[in-house]
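Under this note's numbering, think of the first position of the sequence shown as 16, with each following residue one higher.
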Amino acid sequence: MGIPAASGYPQYSGNLITPIFRMQLLERWYCSTIYSDVSSTEYTGELNKGGDEIVFWREPKVQVHKYIKNQPIQHDTVDAEPIKMVVDQSYNFSIKMNHIDEQQIQNFDNWKAGFLRAAGLELARVIDPLLLTEMYTSVANTNRGPNAGAQSRNVNMGTAGAPVVLTKDNIVNVLSQVHQVLDEACAPKEGRFITLPPAGITVLRNSDLRAAYLTGLSWSPIVNGRLPDTVMGFTVLESTYIPRVIDGTVNKLSYHLVAGVKMATAFAATIEDSRVITDKDDWANYYQGLSVFGFRTLYEDGLVHLYATFDPTP
């Protein structure tokens, strides 16, 4: 409408005064993805040579026996356990643009770059919830539930109807317990991570980590919102794609949090391709992209499933 004009004075807006179109597009905001931070991608190169699956062989277990002099030695056999990772996920996009529109849209090059960037980010956004669901559903029984811990069986990781309630007062302690579950599974201590939604990050920021003297840092999260690089031995990964449900028993939004080591799962993309096709029956182009990938949990005891809800009470 422009600036209002008094009666009797012409309104030029929309006639002589026309909009100016900015050539640079306003980018949409996309939530960050974490699939490459929680899963090993080192096998992609092998699949790119051909094939739709990789067969891993788990190292065999060997038994040892007490030796007594002059007693016949007991002999055992060993076998390797195959684990298959199948490439069975595929997603694509195809956007049609008429040649006339391409010519007449003033900022078409920016427009094209914008929708191709958005399509690529949308493909990446699909992967996180699929992978995170695979991870929490494949965790070893000793690393989940109200009696977690391969040795102690005394750690509560929550269960349907009874999620662990994480507060600013107990979240650091619970992370320590998750660490214990991984320790009892003899998981590597290096490269451990834990996934948290924004609600969990808020609770963590309000915990004892606010005090710089407790963390040993020269700054406090209460000043700049930054968390330490590691908390209780974990790299904290924030994600909005963590699987969540409304737990009917407690009537609270509950999350399937995953902690573990990156090598516990494998991810491989065999095709990440794009192309432009000219329509033979129309004056138009199709801008297309394809992503083909697969993933698999390799070490069920290298992951922990923490079923939790968050209490944001300050």
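All C-beta atoms in this analysis are idealised placements derived from N, C-alpha and C, irrespective of residue type, glycine included.
Below 7 Å between beta carbons: does that hold for residue i and residue j?
| i | j | result |
| --- | --- | --- |
| Thr264 | Gly176 | yes |
| Gly309 | Ala274 | no |
| Leu224 | Val251 | no |
| Met100 | Arg311 | yes |
| Ser55 | Ala200 | no |
| Asp262 | Ser254 | no |
| Ala202 | Gly317 | yes |
| Val141 | Pro97 | no |
| Ala139 | Phe108 | no |
| Lys183 | Tyr301 | no |
| Asp5 | Tyr50 | Only positions 16 to 329 of the chain appear in this structure, which leaves residue 5 out of reach. |
| Phe208 | Val53 | yes |
| Glu315 | Ser105 | no |
Helix, strand or coil: which one does DSSP assign to residue i?
| i | result |
| --- | --- |
| Ile186 | helix |
| Lys111 | strand |
| Met150 | helix |
| Leu313 | coil |
| Val102 | coil |
| Trp298 | coil |
| Thr92 | coil |
| Gln166 | coil |
| Val141 | helix |
| Gln192 | helix |
| Glu287 | strand |
| Thr250 | strand |
| Gly215 | helix |
| Ser28 | strand |
| Ser22 | coil |
| Arg259 | strand |
| His320 | strand |
| Gly129 | helix |
| Arg73 | strand |
| Thr157 | helix |
| Lys277 | helix |
| Gly176 | coil |
| Glu117 | helix |
| Val53 | helix |
| Gly135 | helix |
| Glu68 | strand |
Given that a residue counts as buried once 16 or more other Cβ atoms are within 10 Å of its Cβ, and exposed if not, what is residue i?
| i | result |
| --- | --- |
| Lys204 | exposed |
| Val79 | exposed |
| His14 | The displayed coordinates of the chain run from 16 to 329. Any statement about residue 14 would go beyond what the structure contains. |
| His90 | exposed |
| Tyr228 | Note on Tyr228: pLDDT 39, under 50, position unreliable in the model; no value is reported. |
| Ile186 | buried |
| Ala323 | buried |
| Phe123 | exposed |
| Leu313 | buried |
| Val170 | buried |
| Ala20 | exposed |
| Ser167 | exposed |
| Ile88 | exposed |
| Gly304 | buried |
| Val77 | exposed |
| Ala279 | buried |
| Thr328 | exposed |
| Ser222 | buried |
| Thr245 | exposed |
| Pro178 | buried |
Just to check my reading of the structure: residue i and residue j have Cβ atoms closer than 8 Å, yes? What is that Cβ distance to the nearest angstrom?
| i | j | result |
| --- | --- | --- |
| Val93 | Glu68 | No, Val93 and Glu68 are not in contact; Cβ-Cβ is about 24 Å, not under 8 Å. |
| Ile286 | Val307 | 4 Å |
| Gly206 | Lys295 | Not a contact, Cβ separation roughly 51 Å. |
| Val218 | Leu272 | With a Cβ gap of about 12 Å, Val218 and Leu272 do not count as contacting. |
| Phe325 | Ala214 | 4 Å |
Please confirm if residue i has its CB atom under 7 Å from at least one CB of chain D.
| i | result |
| --- | --- |
| Val179 | As a matter of chain content, chain D is missing from the structure shown, which is built from one protein chain. |
Whether or not the segment 124–140 and the segment 155–166 are in contact is what I'm after, with contact meaning three or more pairs of Cβ atoms, one per stretch, closer than 8 Å; do they touch? no
Is it a yes or a no for the segment 252–271 touching the segment 187–194, going by three-plus beta-carbon pairs under 8 Å? With a cut-off of 8 Å, the segment 187–194 and the segment 252–271 do not count as touching, because too few Cβ pairs lie within range.
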